[in-house]
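As structure tokens, the structure follows; a few thoughts come after it.
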Amino acid sequence: MGPPVGPSFVEDEGDAAGAEGSSSAQVARGPEAGVASNICVVKEAEVITDPAVFAVVRFAVSAIPFIPFVLKAHEDMQILTAGVELGFWVSLGYLAQAVGLLTSDAGRASFISAFTVIIVPLIDGIIGAAVPAYTWVGAFVSLIGVAMLEFTGSPPCVHFKLMNFLPFQVGDILNLLSAVCFAIHMLRTEHISRSIKKENFLTLLGCEVIIVALFSTIWFILKCLFHHVKRWSLSSLSWSKFLCWMVSFPWVAALYTGIFSTGLCLWAELSAMRDVSATETAIIYGLEPVWGAAFAWFLLGERWGVVGWIGAALIIGSCLTVQILGSLPEICKWYKGSGQMNA
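Numbers given in this note's numbering equal positions in the sequence shown, counted from 1, plus 1.
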């Protein structure tokens, strides 16, 4: 005989699903401060060393622990293909962010990254899903917020004029591009994480991080070839120069961003997106820029004017509103199902 199909059995199953979702939410919420602090740490490290060199070391550190898992599953083409795809999108996001931080405030970059929350449903609409009106309103309000942020913080180092009066930093444009790439990565992660077994997560994550390390290496090589970077020669190398580089390199920042804010955070996102609801995801990602701005305030001494804070509030408010309104049908459905079970 099979298990009883009475109310008590359904209730237990619902409780188990709820507990699993709550556990996944805690997994996603755990490294939130690490993700938020990542922008500040990377910006500070780029002052000390070349961004391309830092990216190579950072992502190599992140990839090394996963190499054994990738070698064990080298014949599983489904996982390898999915890992390459996720690695491609997250590589574009990380590298655009790294270059953007050269000319953009860390706090401003943190709030621009909140665009990911709105871009996700917009991309859903592009591929065929119906986009509610409030999503378009939220995107428009967020754009107003970004425009207000452009008038606060540090003066633009490299910028262009929009409509002959609004200055936009190239760094901020790259940070916005980074948010788009992270949004695509989030959508694909949600789809892929629900189509593979949990025991294959580390292998998938390993493929993803190794692709990021490869992209960083390609970036460094291209920079050496085309941007007048001083080229190395074997005759010029010496132990003293090597030791000097080893001592001056920001190893703590590379280890922190490589292991914690890259490897651990990508694993948390991959694991949690099987079960976490849209509302919880919005809250987790929506509060990340607040943490990022706080780190920039205390660690980097960045200060904004009233206009900048109003713009930041518009971005956060619109992002959270879009996601919360989008999750209302799911919440109503859950309450209706809960009421039927109790009856």
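Just so it is clear, CB atoms sit at the ideal spot from N, CA and C, and this is done for glycine as well.
Can you tell me which of the options puts its alpha carbon nearest to the alpha carbon of residue i?
{"i": "L72", "options": "Y257, I124, N201", "result": "N201"}
{"i": "E76", "options": "T322, F250, T204", "result": "T204"}
{"i": "F183", "options": "R195, F70, L87", "result": "L87"}
{"i": "L215", "options": "F70, A314, L96", "result": "L96"}
{"i": "H345", "options": "W298, P122, L321, I316", "result": "Since the first and last residues shown for the chain are 2 and 344, residue 345 lies out of range."}
{"i": "I128", "options": "L188, S217, K224", "result": "L188"}
{"i": "I311", "options": "V147, S38, S111", "result": "V147"}
{"i": "L81", "options": "G207, F112, N39, A53", "result": "G207"}
{"i": "C225", "options": "A53, E45, K44", "result": "A53"}
{"i": "S143", "options": "A131, I124, F112", "result": "F112"}
{"i": "S272", "options": "I197, V248, F67", "result": "I197"}
{"i": "F90", "options": "L178, N39, P66", "result": "It should be pointed out that residue 90 corresponds to Trp in this sequence rather than to Phe. Ranking the options by Cα distance to W90, first place goes to L178."}
{"i": "L300", "options": "G108, E270, I193, F261", "result": "G108"}
{"i": "P66", "options": "A295, F296, D276, F261", "result": "F261"}
{"i": "S92", "options": "I124, I219, I145", "result": "I219"}
{"i": "I40", "options": "G293, L223, I145", "result": "G293"}
Are there 16 or more other CB atoms within 10 angstroms of the CB of residue i, so buried, or fewer, so exposed?
{"i": "M149", "result": "buried"}
{"i": "R195", "result": "exposed"}
{"i": "N165", "result": "With a pLDDT of 42 at N165, under the threshold of 50, the modelled position of this residue cannot be trusted; read the value that follows with caution. Exposed: under 16 other Cβ atoms inside 10 Å."}
{"i": "A314", "result": "exposed"}
{"i": "V213", "result": "buried"}
{"i": "P69", "result": "exposed"}
{"i": "A57", "result": "Residue identity differs from the one stated: residue 57 is Val in this sequence, not Ala. With 16 or more other Cβ atoms within 10 Å, it is buried."}
{"i": "M274", "result": "buried"}
{"i": "F243", "result": "exposed"}
{"i": "S217", "result": "buried"}
{"i": "S249", "result": "exposed"}
{"i": "K44", "result": "buried"}
{"i": "A131", "result": "exposed"}
I'd like the list of long-range same chain contacts for residue i, defined as Cβ closer than 6 Å, with 5 residues on each side in sequence excluded.
{"i": "E209", "result": "G84, L87, G88"}
{"i": "W240", "result": "none"}
{"i": "T117", "result": "A180, F183, A184"}
{"i": "I49", "result": "P251"}
{"i": "I193", "result": "A83"}
{"i": "A295", "result": "none"}
Between residue i and the rest of its own chain, which residues show a CB-CB distance below 7 Å, the 5 nearest in sequence each way excluded?
{"i": "Y257", "result": "V42"}
{"i": "L326", "result": "Y135"}
{"i": "S105", "result": "Q170, G172, D173, N176"}
{"i": "F259", "result": "A quick correction: the sequence has Gly, not Phe, at residue 259. Excluding sequence neighbours, G259 sits near R59, F60, V62, S63."}
{"i": "I124", "result": "A184, I185, L188"}
Using only the alpha-carbon positions, how far apart do residue i and residue j sit?
{"i": "V100", "j": "W137", "result": "29 Å"}
{"i": "L102", "j": "Q79", "result": "35 Å"}
{"i": "D51", "j": "W268", "result": "27 Å"}
{"i": "S114", "j": "I316", "result": "10 Å"}
{"i": "C266", "j": "C245", "result": "32 Å"}
{"i": "G94", "j": "I211", "result": "15 Å"}
{"i": "A254", "j": "F227", "result": "27 Å"}
{"i": "T263", "j": "P133", "result": "33 Å"}
{"i": "F221", "j": "F141", "result": "37 Å"}
{"i": "D276", "j": "E270", "result": "11 Å"}
{"i": "S38", "j": "A297", "result": "8 Å"}
{"i": "L223", "j": "G302", "result": "33 Å"}
{"i": "A110", "j": "M247", "result": "29 Å"}
Beta-carbon within less than 8 Å of residue i's beta-carbon, same chain only, minus the 5 sequence neighbours each way: which residues are those?
{"i": "G139", "result": "I119, S319, C320, T322, V323"}
{"i": "E47", "result": "F55, A99, L102, L103"}
{"i": "I145", "result": "G312, L315"}
{"i": "K199", "result": "S272, R275"}
{"i": "T190", "result": "L87, E270, L271, M274"}
{"i": "A74", "result": "I80, L81, N201, T204"}
For the ligand GTP, is there any heavy atom lying closer than 7 Å to the beta carbon of residue i?
{"i": "A110", "result": "No copy of the ligand GTP occurs in the structure displayed, which carries no ligand at all."}
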